[in-house]
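Trainee:
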Amino acid sequence: MPPRLRFLLPLGGLAAALALWWLGAALLARSIPIASHFAPLGALRALAGLLGEALLWEHVAVSLKRVAVGLAFAIAIGVPLGVLTGISALFAQATGPLFQFLRMVSPLSWMPIAVMVLGIGDAPVYFLLAFAAVWPILLNTAAGVAQLDRNWLLLAKSLSATRFETITRVILPGITAHILTGVRLAIGIIWIILVPAEMLGVDAGLGYFILDTRDRLAYAELMAAVVLVGALGFLLDHAARWLHRRWLHGR
Amino acid sequence: MNAAARPAPGNAADADAAAATETSHGLLTADGLDFRYGALPVFTEVSLSIRRREIVALLGGSGCGKSTLLRVLAGLESPSAGQVRFLDQPLERPHPRSALIFQHASLLPWLRVEANAAFGLDFRHQPAIAAGVRQSRVREALAAVGLAGREHAWPAELSGGQAQRVALARALAREPELLFADEPFSALDAITRAEMQNLLVDVVHRWHAAVLLVTHDIDEAILVADRILLMGGRPGGILAEWTVDVPRPREDHPGAVTALRLEILAALRDTFTQATAGVD
Numbered sequence: 001m002p003p004r005l006r007f008l009l010p011l012g013g014l015a016a017a018l019a020l021w022w023l024g025a026a027l028l029a030r031s032i033p034i035a036s037h038f039a040p041l042g043a044l045r046a047l048a049g050l051l052g053e054a055l056l057w058e059h060v061a062v063s064l065k066r067v068a069v070g071l072a073f074a075i076a077i078g079v080p081l082g083v084l085t086g087i088s089a090l091f092a093q094a095t096g097p098l099f100q101f102l103r104m105v106s107p108l109s110w111m112p113i114a115v116m117v118l119g120i121g122d123a124p125v126y127f128l129l130a131f132a133a134v135w136p137i138l139l140n141t142a143a144g145v146a147q148l149d150r151n152w153l154l155l156a157k158s159l160s161a162t163r164f165e166t167i168t169r170v171i172l173p174g175i176t177a178h179i180l181t182g183v184r185l186a187i188g189i190i191w192i193i194l195v196p197a198e199m200l201g202v203d204a205g206l207g208y209f210i211l212d213t214r215d216r217l218a219y220a221e222l223m224a225a226v227v228l229v230g231a232l233g234f235l236l237d238h239a240a241r242w243l244h245r246r247w248l249h250g251r
Numbered sequence: 001m002n003a004a005a006r007p008a009p010g011n012a013a014d015a016d017a018a019a020a021t022e023t024s025h026g027l028l029t030a031d032g033l034d035f036r037y038g039a040l041p042v043f044t045e046v047s048l049s050i051r052r053r054e055i056v057a058l059l060g061g062s063g064c065g066k067s068t069l070l071r072v073l074a075g076l077e078s079p080s081a082g083q084v085r086f087l088d089q090p091l092e093r094p095h096p097r098s099a100l101i102f103q104h105a106s107l108l109p110w111l112r113v114e115a116n117a118a119f120g121l122d123f124r125h126q127p128a129i130a131a132g133v134r135q136s137r138v139r140e141a142l143a144a145v146g147l148a149g150r151e152h153a154w155p156a157e158l159s160g161g162q163a164q165r166v167a168l169a170r171a172l173a174r175e176p177e178l179l180f181a182d183e184p185f186s187a188l189d190a191i192t193r194a195e196m197q198n199l200l201v202d203v204v205h206r207w208h209a210a211v212l213l214v215t216h217d218i219d220e221a222i223l224v225a226d227r228i229l230l231m232g233g234r235p236g237g238i239l240a241e242w243t244v245d246v247p248r249p250r251e252d253h254p255g256a257v258t259a260l261r262l263e264i265l266a267a268l269r270d271t272f273t274q275a276t277a278g279v280d
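Heads up: the protein sequence lines correspond to chains Y and B, in order.
Taking full-length UniProt numbering, I'd label the letters of the first sequence as residues 1 to 251.
Taking full-length UniProt numbering, I'd label the letters of the second sequence as residues 1 to 280.
Okay, structure coming up:
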């Protein structure tokens, strides 16, 4: 594919989506007049206005902080459990069906219980995000340990490495690429769970902001927030991919 | 052709007698080693000893149990029966004064050459050494294997022979009394292999280390070793032993080398005949 086309095709796709958005809003506005507020031009104008306001950036900062904290919990829990699953057949057998079961429960199902147990505020959001993000990290970590070069473990054994040294000096660096793959998937999941998780019991963040625009009947701002959520998620994913690639090339 | 060898009959009584006389000054002694995988015996009644600075080749065909024997002697596996003593202590796990190299260099791809050669020196079960001493040891070992100037290269940038040189440097940096080498050069091409064989002899002499070299290559055993142990049978055992009295470099004494080679081949034929006779 010529390089120019590689650049133009994605732009063409975005332009087509924009046209469909415009067309959809216009058609809908015939039967529901309020739908005209959802049109692209108004949304983009509202976005430009919002980007100049400090309030929006506060919501973004709150959301990004929740992403970071949720991800940190997911890594802190997922990596050790993944390593344990990878090195202990007993643990893997004991937890296999349990993990597969928990993984298939939508994290948002825990929302009422999380709010009841952890109270209103950031804590239940952290819990939901971490709970959603822990699985790809755990599973990728365990897969990494399973694929680890057995000769490296033999080397560690021949050097009388302690269990701790084997884990920190051989296993963890040896599976960093796998962990990063899990983290990249986790960031995507967290970002998707974030908005609904912020729609209950909190008073800041992008999810809260979307409900707030609805309550204020500021539909152009609502659409602007949707565009912003997509754009930030896109950037987050690219940052994660870039880090992942950088690590692989560094080796 | 008296230069070549003293074949020793491989019966247990003689091996025991030899072990008994060498216990006092042997670097490593093994007594009555048995090893089984479940019910399957891999080798039985193996006794041997390795003296300081001696290069011993453990020669045998594929699947004769020689690699398993090396792992037991190195402390990576526990014998089903018998005992290994290293530096007059019973061996329970790999000893800090021993080092291993394998067919695979097993370099860690996230560490540069220098860090790979230093790997393990700071582990808890290793004798503590100052960082400065550690670095000078590693530099010296890398220089000895011909990799001075490549300290900052990544393993992915090295050829197979160079990677094996780093593995050798990693072993030398530990200043081992005994180097266990499990078919270390069998994955290399013939020319690189010949270079590495000469390098191995050169550096272990300079480091005053003994070597136990496991190999299936008769020529490698004759070119490298001071003593050759022939392993075979089912379950495995030491069948014969030769002292290689050919001056180095051995390539300069083709007559003596060839004579020893033929002797070993004859011994192999005999064991093969006995084995097939046993089946009949």
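A virtual CB, placed ideally from N, CA and C, is assigned to each residue, including glycine.
Computed from a prediction, not measured in an experiment: that's the story for all the values here.
Compare the C-beta of residue 281(B) against all C-beta atoms of chain Y and say whether one is closer than 9 Å.
Mentor: Outside the displayed span of chain B (1 to 280) sits residue 281(B), for which this structure offers no information.
Trainee: Whose C-alpha, out of H244(Y), F101(Y) and Y219(Y), is nearest the C-alpha of R45(Y)?
Mentor: By 1-based counting over the first sequence, the position of residue 45(Y) is 45. Comparing Cα positions, the closest option is Y219(Y).
Trainee: Got a sec: which bits of the segment 121-140 of chain B sit with their beta carbon under 8 Å from any beta carbon on chain Y, in order along the chain?
Mentor: From the segment 121-140 of chain B, only F123, R124, H125 and Q126 have a Cβ closer than 8 Å to chain Y.
Trainee: Could you check where the alpha helix (DSSP H) with E114(B) kicks off and where it finishes?
Mentor: As a working mapping, residue 114(B) is identified with position 114 in the second sequence. It spans V113 to A118 - the alpha helix (DSSP H) in which E114(B) sits, taken as one unbroken run.
Trainee: In chain order, what residues of the segment 143-164 of chain Y put their CB closer than 9 Å to some CB of chain B?
Mentor: Under the 9 Å Cβ criterion, the segment 143-164 of chain Y contributes D149, N151, W152, L154, L155, A156, K157, S158, L159, S160, A161, T162 and F164.
Trainee: Identify the contact partners of S106(B) in chain A, using a Cβ-Cβ distance below 8 Å as the criterion.
Mentor: Of the chains in the structure shown, none is chain A; the protein chains are Y and B.
Trainee: Using the C-alpha atoms, what's the distance from G237(B) back to V145(Y)?
Mentor: For the purposes of this step, residue 145(Y) is taken as residue 145 along the first sequence, with counting starting at 1. For the purposes of this step, residue 237(B) is taken as residue 237 along the second sequence, with counting starting at 1. Taking the straight line from one Cα to the other gives about 37 Å.
Trainee: Counting only beta-carbon separations shorter than 9 Å, does T141(Y) have a partner in chain B?
Mentor: Start at 1 with the first residue of the first sequence, and residue 141(Y) comes out as number 141. So no, T141(Y) is outside the interface.
Trainee: Does the beta carbon of P79(B) come closer than 9 Å to any beta carbon on chain Y?
Mentor: As a working mapping, residue 79(B) is identified with position 79 in the second sequence. Answer no: the Cβ-Cβ gap between P79(B) and chain Y never drops below 9 Å.
Trainee: Confirm, please, whether the CB-CB distance from E198(Y) to G207(Y) is below 9 Å.
Mentor: Here residue 207(Y) corresponds to residue number 207 of the first sequence, with the count starting at 1. Here residue 198(Y) corresponds to residue number 198 of the first sequence, with the count starting at 1. A contact, by the Cβ cut-off of 9 Å.
Trainee: Can you check DSSP and say which residues form a bridge with T215(B)?
Mentor: To locate residue 215(B), count along the second sequence from 1; it is residue 215. Looking at the DSSP assignment, T215(B) forms a beta bridge with L59(B).
Trainee: Under 9 Å between beta-carbons, which chain Y residues line up against L94(B)? List them in chain order, please.
Mentor: On the second sequence, position 94 is the one that residue 94(B) refers to. Looking at the sequence shown, residue 94(B) is not Leu but Pro. Result: K157, S158, L159 and S160.
Trainee: Which residue wins for smallest C-alpha separation from A81(B), given the options F43(B), L33(B), P127(B) and A117(B)?
Mentor: Stepping through the second sequence from its first residue, residue 81(B) is reached at position 81. Minimum Cα distance to A81(B) is reached at L33(B).
Trainee: Give the straight-line distance between the Cα atoms of V133(B) and A156(Y), rounded to the nearest whole angstrom.
Mentor: The residue you call residue 133(B) lines up with position 133 of the second sequence. The residue you call residue 156(Y) lines up with position 156 of the first sequence. Distance between the alpha carbons of V133(B) and A156(Y): 22 Å.
Trainee: Near L229(B), which residues of its chain fall below 6 Å by C-beta distance, leaving aside the five closest residues on each side in sequence?
Mentor: Walking along the second sequence from the start, residue 229(B) turns up at place 229. The answer, listed in chain order, is L58, I238 and E241.
Trainee: First and last residue of the alpha helix (DSSP H) that includes A26(Y)?
Mentor: Taking the first residue of the first sequence as position 1, residue 26(Y) is located at position 26. Run containing A26(Y): P3 to S31, per the alpha helix (DSSP H) assignment.
Trainee: Is Y126(Y) buried or exposed, if buried means 16 or more other CB atoms sit within 10 Å of its CB?
Mentor: Reading the first sequence from its first residue, position 126 is the one you call residue 126(Y). It is buried - the Cβ of Y126(Y) has at least 16 other Cβ atoms within 10 Å.
Trainee: For K66(B), which residues from the same chain have a beta carbon less than 6 Å from its beta carbon, with the 5 sequence-adjacent residues on both sides left out?
Mentor: Within the second sequence, numbered from 1, the residue matching residue 66(B) stands at position 66. So the list reads L58, G60, V214 and M231, once near-sequence residues are dropped.
Trainee: In the DSSP assignment, what residue or residues form a beta bridge with R51(B)?
Mentor: Stepping through the second sequence from its first residue, residue 51(B) is reached at position 51. Answer is G26(B).
Trainee: Whole angstroms are fine: how far does the CA of R85(B) sit from the CA of E151(B)?
Mentor: The sequence position of residue 151(B) within the second sequence is 151, counting from 1. The sequence position of residue 85(B) within the second sequence is 85, counting from 1. Spanning the two alpha carbons is a distance of roughly 36 Å.
Trainee: Spell out whether any CB of chain Y is found under 9 Å from the CB atom of L100(B).
Mentor: Taking the first residue of the second sequence as 1, we reach residue 100(B) at position 100. Answer yes: the Cβ-Cβ gap between L100(B) and chain Y drops below 9 Å somewhere.
Trainee: Considering only C-alpha positions, which residue in the set A118(B), A74(B) and V257(B) is nearest to E140(B)?
Mentor: Within the second sequence, numbered from 1, the residue matching residue 140(B) stands at position 140. If we check each option's Cα against that of E140(B), A118(B) comes out closest.
Trainee: Hey, is T23(B)'s beta-carbon within less than 9 Å of any beta-carbon in chain Y?
Mentor: As a first step, residue 23(B) must be located in the second sequence, where it is residue number 23. Residue confidence is low: T23(B) scores 44 on pLDDT, short of 50, so the model does not pin down where it sits. Its coordinate-derived value is still stated next. No, T23(B) does not count as interfacial toward chain Y.
Trainee: Rounded to a whole number of angstroms, what is the C-alpha to C-alpha distance between residue 302(B) and G160(B)?
Mentor: Limits of chain B in this structure are 1 at one end and 280 at the other, which puts residue 302(B) out of reach.
Trainee: Less than 9 Å between the C-beta atoms of I55(B) and V211(B), yes or no?
Mentor: Mapped onto the second sequence, residue 55(B) falls at position 55. Mapped onto the second sequence, residue 211(B) falls at position 211. Closer than 9 Å, so yes.
Trainee: Given a cut-off of 9 Å, decide if E165(Y) and F102(B) are closer than it, judged by their beta-carbon atoms.
Mentor: Stepping through the second sequence from its first residue, residue 102(B) is reached at position 102. Stepping through the first sequence from its first residue, residue 165(Y) is reached at position 165. Taking 9 Å as the Cβ cut-off, F102(B) and E165(Y) do not qualify as a contacting pair.
Trainee: To the nearest whole angstrom, what separates the beta carbons of A209(B) and A163(B), a pair I think is in contact under 8 Å?
Mentor: Taking the second sequence and counting its residues from 1, one reaches residue 209(B) at position 209. Taking the second sequence and counting its residues from 1, one reaches residue 163(B) at position 163. That pair is no contact at about 21 Å.
Trainee: Could you name the residues of the same chain whose beta carbon sits closer than 7 Å to that of I75(Y), not counting the 5 residues immediately before and after it, in chain order?
Mentor: Position 75 of the first sequence holds residue 75(Y). Answer for I75(Y): I137 and V183, listed in chain order.
Trainee: In whole angstroms, what separates the C-alpha of E41(Y) from that of I32(Y)?
Mentor: The count along the first sequence starts at 1 and reaches residue 41(Y) at position 41. The count along the first sequence starts at 1 and reaches residue 32(Y) at position 32. It should be pointed out that residue 41(Y) corresponds to Leu in this sequence rather than to Glu. Spanning the two alpha carbons is a distance of roughly 18 Å.
Trainee: Identify the continuous alpha helix (DSSP H) that holds M196(B) and give its terminal residues.
Mentor: Against the second sequence, residue 196(B) aligns to sequence position 196. Start and end: A190 to R206.
Trainee: Going residue by residue through the segment 111-147 of chain Y, where are the continuous alpha helix (DSSP H) segments of at least 4 residues, counting only ones entirely within it?
Mentor: Complete alpha helix (DSSP H) runs here, min 4: 111-118 and 122-146.
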